[in-house]
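Below: the structure, in structure tokens.
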Amino acid sequence: MKALKKISIIIAVALVLMLFADSFIVTALKDRAIVLGMGIDYENDEFNIICEVISSSQSSSQSSEGGSGGGFTKLVTGKGKTISLAVYDVYAKTGKLPSLGQCGVIILGESLYKEESLVQCLSYFLQSDAYRDSSLVTCCKGSAKDLYTKVTPLDTSVSFAVQTIITGSEHNTSIPYSYMARFISLQLTPSASDYLTVISFDSEKETTGGGDNKDTGFFIADDVAIFRDFKFVEELSEDETKGLTLLNVPASFDTFVVNDLEATQSLPKTVGIGIRSKKVKKELNFNENGKITYDVKIYVRAERMRTDTTGDVISFIPKEKSELTDFMQKQLRQQITDSVFAAFSKLTETNCDYLGISNEYYRKYGKKWVRFQQGFENVFEKIRFSVEVIIDK
Amino acid sequence: MNNKIKTEQVAMMLMLIVPVGKYLSLPSVLAKGAGRDYWISIILVFVVDFICFLAFMWALKLNTERLSIKDIFDRTIGQAAGKILFAIMFIYIYLRAAVIMESCLELFSVTFAIKTNWFAFIIPIAALSMFMARKGMNNFARLSEMLFVIIYLSFGMMLFLSSRNANFTNIKPILDDGFQPVLETALKNTFWFSDFSFMAFIMRDYKPEKKYALTLSGAYIAAMAVTVFMNILYIALFDQLAVQSQSVLSKVSQFSVKLTTSGRVDWLFVSIMLFTLFIKATLEFFCCNECLHYIFNVKKHKNPYWTNIAVALPMIIVPVFVNVKDNIFDLFSRDGYGFVFWIIQYGLPLFSPLMTYIANKKEKEKVIYPRRVEE
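Residue numbers (the numbering used here), protein chains in the order written: chain A, 828 to 1220; chain B, 728 to 1102.
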């Protein structure tokens, strides 16, 4: 009887499984287009998207739309009045369901980020729970579609190459970046501003072994675009970008050039300096009589760049005697101060709070600051900025 | 086989079921009410919960005769009032279980982008719940003990990796809108707390061991601390967008990996966390089943199938016709009708030491009396 009961249970479970096995709408891998990255342009009131998707085909990397991908990716395009319709267009064209869970980067073309508000575009991704809110958002010079046709000698996927260059840059070459949730969220704060990295392509035309003329070169992530209320404001200059990095990116390597007057014959007169560690202390004060101060102290540990300089900024390094002479320190101090003031000037000039200063006041003073800020068209003109740089102390 | 439940097992059950249920839709609901200060609302409710929990632990100590909650009701407030309390308890736990079930499906669907129909999802879980309910509380205790380490390792990794991308200054300014919205949100959302309610059903099987109070209150404090940290992390990651997410666990875990070049390790975390939701849901199913036993005077050893089916059937069928989750959230969060269950959530634990003391005293007298006759 006991055995009969067990058999009945097994049969019942098997029946239930058979009944419901088909109910799980699992799209087979072959029917999915796994998107690694997406480029978006905006032309004629339509979003044009280009998706880099994983391809199991080992054939040449030509896509159905004429673009190229890396060895394991292909490019597919779609267009529509909204991003959702453009993504659906990809599905309609290819018969494969675009799967955005692996999408790590969205590249916005110039026609989109310079002309249109980004809220329409990015809110689609934000509302999709399966889409990673930590995905990178970046801009590019020219069209995003064109960028996806480029080839780098070291990477097999444009999306991977862009992700690596941007996020690697934060620690190694001092480029700040933003991700989707952060960018959208900051537009809704009292600052209502943020920045995005701008990617460009440094072309080195060459003929590949197969005889194809491909635009080969390297991606460059040296520029930064600033946005207020989801709209493009301006691109930062090199100095302003440096100022932004010094103030807002805690673990960012940065380089400077100074002259060493005391150098012996065996040492160079012009010296490359790298930042080993950095700490920024900000003190902000505000009273309703209109006196607003924003004092910044930047503590820097710097070293002469050598062959073993890795570009990594490390915390908790042991104290050592400074390698920099007083004169070198003075130059470095001046350069850092100039860069930071350049960043402050841009903020005041554009009224675009890409440094998040308004948010800092809000966190300290709450609604009192918001009410005060509303009384001015450009409250940053009222702020007295000061910068103090402390080197190797 | 020893069917008694150990203190460590109860501690692990508490640590598993307290945090995870509050990391699905609840944070965005709370954020709508109290903004970035909603984590303070959570602390407020937890403080009240903890006082009740301490009272309940005292009751466990006073329960020297190992009486069940039904025995205690019968010997203090009487059978009729006891049944009414069980009926309220049944509704309270049942509604929570129904929301957890739907949230599980939602988490599963949004994380893995796999759509499924409700029956295909719920019938295997209902079958599992029925099986677990028949095996008794001891089964949950052992399961929690078995999975605790792996679940907390994955949980810890997820929180640690995600917190690297968080900006914790987002929680400031604290109480910028005053204390009123925080208090109101706390009062309106009590329905989702008091997770120790299941302990009412372990009174007979659990014998307090040495230092039980320290172990259990330590576990409860740890679980509360984890919950508060999780919610602070959510604000630190999403700030103004905290009101939008439907499945917070899925959203926060996405920050465990920044680059897609590293793959989606967060999917592994979510898969493991789903176990906790299943444990919580099946435990609540078990408690509902026990309530029905008490209401309909079912003897413990009989454990008929009809009570299992009575619990499972509405849970399977009703969501197809009614938007259960949103209606429950509207009723007990937006409209604040959660107070109807305060008698179970707060009244019962606070009075439990007194009731347990009286019931045990009566039980002892009942045992002593025949001996005196014999003498």
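The beta carbon of each residue, even a glycine, is placed where N, CA and C say it ideally should be.
If you draw a straight line from the Cα of Met-951 (chain B) to the Cα of Lys-1052 (chain B), it is about 24 angstroms long. Residue-level contact by beta carbon holds for Ser-961 (chain A) and chain B, with a gap shorter than 8 angstroms. Taking 8 angstroms as the upper bound on Cβ-Cβ separation, chain B lies near residues Leu-953, Gln-954, Asp-956 and Ala-957 of the region 942 to 958 of chain A.
Between Ile-898 (chain B) and Ile-799 (chain B), the CB-CB gap reaches or exceeds 8 angstroms.
Interface with chain B (8 angstroms Cβ-Cβ cutoff): Thr-1175 (chain A) is excluded. Proximity of Ala-1019 (chain A) to chain B, defined by a Cβ-Cβ separation below 8 angstroms, is not satisfied.
Excluding the 5 residues flanking it on each side, Val-1047 (chain B) has same chain C-beta neighbours closer than 7 angstroms at Trp-845, in chain order.
In this structure, Glu-872 (chain B) sits away from Met-1042 (chain B), with a CB-CB distance that is not shorter than 8 angstroms. When the alpha-carbon of Gln-990 (chain A) is set against those of A:Cys-967, A:Tyr-918 and A:Ser-1104, the nearest one is in A:Cys-967. Any Cβ of chain B closer than 8 angstroms to the Cβ of Leu-1071 (chain A) would place that residue at the interface, and such an atom is absent. When secondary structure is reduced to three states using DSSP, Thr-921 (chain A) falls in the helix class. For the set A:Val-985, A:Lys-906 and A:Arg-1128, the Cα lying nearest the Cα of Ile-934 (chain A) is the one of A:Val-985. Counting along the chain, no alpha helix (DSSP H) covers Asp-982 (chain A), and no H or E run does either.
Between the region 908 to 920 of chain A and the region 1004 to 1018 of chain A, the count of Cβ pairs shorter than 8 angstroms is below three; the stretches do not touch. Linking Lys-1088 (chain B) to Ala-761 (chain B) through their CA atoms gives a straight-line distance of about 46 angstroms. Bounds of the beta strand (DSSP E) holding Gly-1101 (chain A) are 1097 to 1113. Per the C-alpha coordinates, the member of A:Val-1206, A:Gln-929, A:Asp-1180 and A:Lys-1194 positioned closest to Gly-1117 (chain A) is A:Val-1206.
In chain order, Val-1060 and Glu-1061 place their CB closer than 6 angstroms to the CB of Thr-1177 (chain A), counting only its own chain and leaving out the 5 sequence neighbours on each side. In the DSSP assignment, Ile-1125 (chain A) forms a beta bridge with A:Val-1107 and A:Val-1216. Boundaries of the alpha helix (DSSP H) harbouring Ser-950 (chain A): 946 to 954, taken from the DSSP string. Under the three-state reduction of DSSP, Tyr-1181 (chain A) is assigned to coil, being neither helix nor strand. Straight-line spacing of the CA atoms in Val-747 (chain B) and Phe-965 (chain B) works out to 19 angstroms.
In terms of Cβ geometry, Ser-755 (chain B) and Gln-973 (chain B) form a close pair [threshold 8 angstroms].
Look at the region 1020 to 1076 of chain B and you find these whole runs of alpha helix (DSSP H), each 4 residues long or longer: 1032 to 1048 and 1051 to 1056.
Lys-1093 (chain B) sits in a helix when the DSSP states are folded into three classes. The region 1077 to 1086 of chain B makes contact with the region 782 to 791 of chain B; the number of CB pairs closer than 8 angstroms reaches 3 or more. Closer than 8 angstroms to the CB of Lys-759 (chain B) there is not a single CB belonging to chain A. Counting along the chain, the unbroken alpha helix (DSSP H) around Ser-856 (chain B) starts and ends at 845 to 862.
Boundaries of the alpha helix (DSSP H) harbouring Met-740 (chain B): 734 to 747, taken from the DSSP string. At a cut-off of 8 angstroms, the C-beta of Val-1060 (chain A) has no neighbouring C-beta in chain B.
Here Arg-1131 (chain A) has Val-1098 and Glu-1150 as same chain residues with Cβ atoms under 6 angstroms from its own Cβ, once five neighbours each way along the sequence are excluded. Each residue's CA atom was taken as its position, placing Tyr-975 (chain A) and Ile-770 (chain B) some 49 angstroms apart.
Sequence-distant Cβ neighbours of Leu-1182 (chain A) in its own chain, meaning closer than 7 angstroms and more than five residues away, are Leu-1071, Leu-1074, Asn-1075, Ala-1170 and Leu-1174. The alpha-carbon separation between Ile-881 (chain A) and Glu-943 (chain A) amounts to approximately 30 angstroms. Taking the beta carbon of Thr-896 (chain B) as reference, the chain A residues within 7 angstroms of it are Arg-1190, listed in sequence order. When only Cα atoms are considered, Ile-1047 (chain A) and Ser-890 (chain B) end up about 29 angstroms apart.
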